[in-house]
Amino acid sequence: MPFLKGVKEDIASVFARDPAARNTMEVLFHYPGLHATWFHRISHKLWGWKLYWLARFVSNLSRWLTGIEIHPGAKIGRRFFIDHGMGVVIGETAEIGDDVTLYHGVTLGGTSWNKGKRHPTLKDGVVIGAGAKVLGPVTVGKSARIGSNAVVVRDVPELTTVVGIPARVAQSGVDQETTERRKKMAKEYGFDAYAISADNPDPVATAIGRMLDHVQMLDNKVSDLCQAVNKLGGDVCGEIPEVDMDDVEFLEESERAAKRRAHKDDTAADKKSS
Numbered sequence: 090m091p092f093l094k095g096v097k098e099d100i101a102s103v104f105a106r107d108p109a110a111r112n113t114m115e116v117l118f119h120y121p122g123l124h125a126t127w128f129h130r131i132s133h134k135l136w137g138w139k140l141y142w143l144a145r146f147v148s149n150l151s152r153w154l155t156g157i158e159i160h161p162g163a164k165i166g167r168r169f170f171i172d173h174g175m176g177v178v179i180g181e182t183a184e185i186g187d188d189v190t191l192y193h194g195v196t197l198g199g200t201s202w203n204k205g206k207r208h209p210t211l212k213d214g215v216v217i218g219a220g221a222k223v224l225g226p227v228t229v230g231k232s233a234r235i236g237s238n239a240v241v242v243r244d245v246p247e248l249t250t251v252v253g254i255p256a257r258v259a260q261s262g263v264d265q266e267t268t269e270r271r272k273k274m275a276k277e278y279g280f281d282a283y284a285i286s287a288d289n290p291d292p293v294a295t296a297i298g299r300m301l302d303h304v305q306m307l308d309n310k311v312s313d314l315c316q317a318v319n320k321l322g323g324d325v326c327g328e329i330p331e332v333d334m335d336d337v338e339f340l341e342e343s344e345r346a347a348k349r350r351a352h353k354d355d356t357a358a359d360k361k362s363s
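What follows is the structure, given as structure tokens:
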């Protein structure tokens, strides 16, 4: 792809992913992540021509100017965006797909001194939060999310969010029916399973979501059992006692959190429509 066409795509990707971007001139001159990407395209071309010393010189110049270190041998796709950028390190055998976003302090590093593939592969649409480390020849699947300061040492499935040290799955793709059922159960039991939403994944709340699924299944089984006993002449399960939640402060905070997320979703929808 021609260099200038790639520059236009990169600038457009900034407007798509950074609400702080106001105009083209600001993006062109004040986004070090873009400058590092453009420097890398030059150094990678030189690396392909086996002009290794010159490629490393361009790469080091880029690091001095932007605070971002990208090895000339790394393969980077289209519309790659590094937000803020300071402290980002990308190793020689790293492979990055299209529409990938990295935040400051991210490391795509190796865990071996042996030659060959020793750095991560990021598929299209991956987002990696600030300070995260992805180490070794692991593969991060399409549209996966890696939380801030996570340390990833094994493959990440596509459409999955991982957090923690070592990184573990906080949320994977859930169908709409399951999501609605969990929301209904959470409301009944006084718990807002906020981690089921894409913008606030949490492994503990995800586990609670799974518990709610199990509770729903048990409720259905008990209901079927009661109906069967009643048909045989018994009289059971006339009334099921309600769950008494005494922690009013917890309930109020859950309600406030739900309102904040709803407001955020409405704002995002208004921006898209406009």
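Per the numbering used here, the very first residue in the sequence shown carries number 90; after that it's consecutive. In this text, a Cβ means the ideal position worked out from N, Cα and C, and glycines have one as well.
In this structure the region 197–207 does not lie against the region 132–149, because fewer than three pairs of beta carbons, one per stretch, are closer than 8 Å. Between I157 and V189, the gap from beta carbon to beta carbon reaches 8 Å or more.
Collapsing the DSSP output to three states places V304 in a helix. In this structure P161 is buried. Its beta-carbon is surrounded by 16 or more other beta-carbon atoms within 10 angstroms.
In the DSSP annotation of this structure, the continuous segment of the beta strand (DSSP E) that includes K222 starts and ends at 222–224.
DSSP, reduced to helix, strand and coil, places F146 within a helical segment of the structure shown. Spanning the alpha carbons of A219 and L135 requires a straight line of approximately 30 Å.
Between V223 and V241 a beta carbon distance of about 4 Å is seen, short of the 8 Å cut, so the two are scored as contacting. Less than 8 Å divides the Cβ of I217 from the Cβ of V195.
A residue is called buried once 16 or more other Cβ atoms fall within 10 Å of its Cβ, and I185 is buried on that count. At the C-beta level, A256 and A239 come within 8 Å of one another. A direct Cα-Cα distance of roughly 11 Å separates I100 from F118. By the beta-carbon neighbour count (other beta carbons within 10 angstroms, threshold 16), A163 is buried. The straight-line gap separating the alpha-carbon atoms of L154 and H129 is approximately 13 Å. The DSSP-derived three-state label of T210 is strand. According to DSSP, residue pairing for E158 in a beta bridge involves V178. If you compare the alpha carbons of G198, K212, A317 with that of K206, the shortest gap goes to G198. Between H208 and T182 the beta-carbon gap is near 4 Å, inside 8 Å, which marks them as a contact. Taken through DSSP and simplified to helix, strand or coil, K139 comes out as coil.
DSSP places R257 within a strand segment (E or B) once states are collapsed to three.
Annotation for T113: the continuous alpha helix (DSSP H) segment containing it runs 113–119. Of the residues assessed, D172 falls on the buried side of the cut-off, its CB having 16 or more other CB atoms within 10 angstroms.
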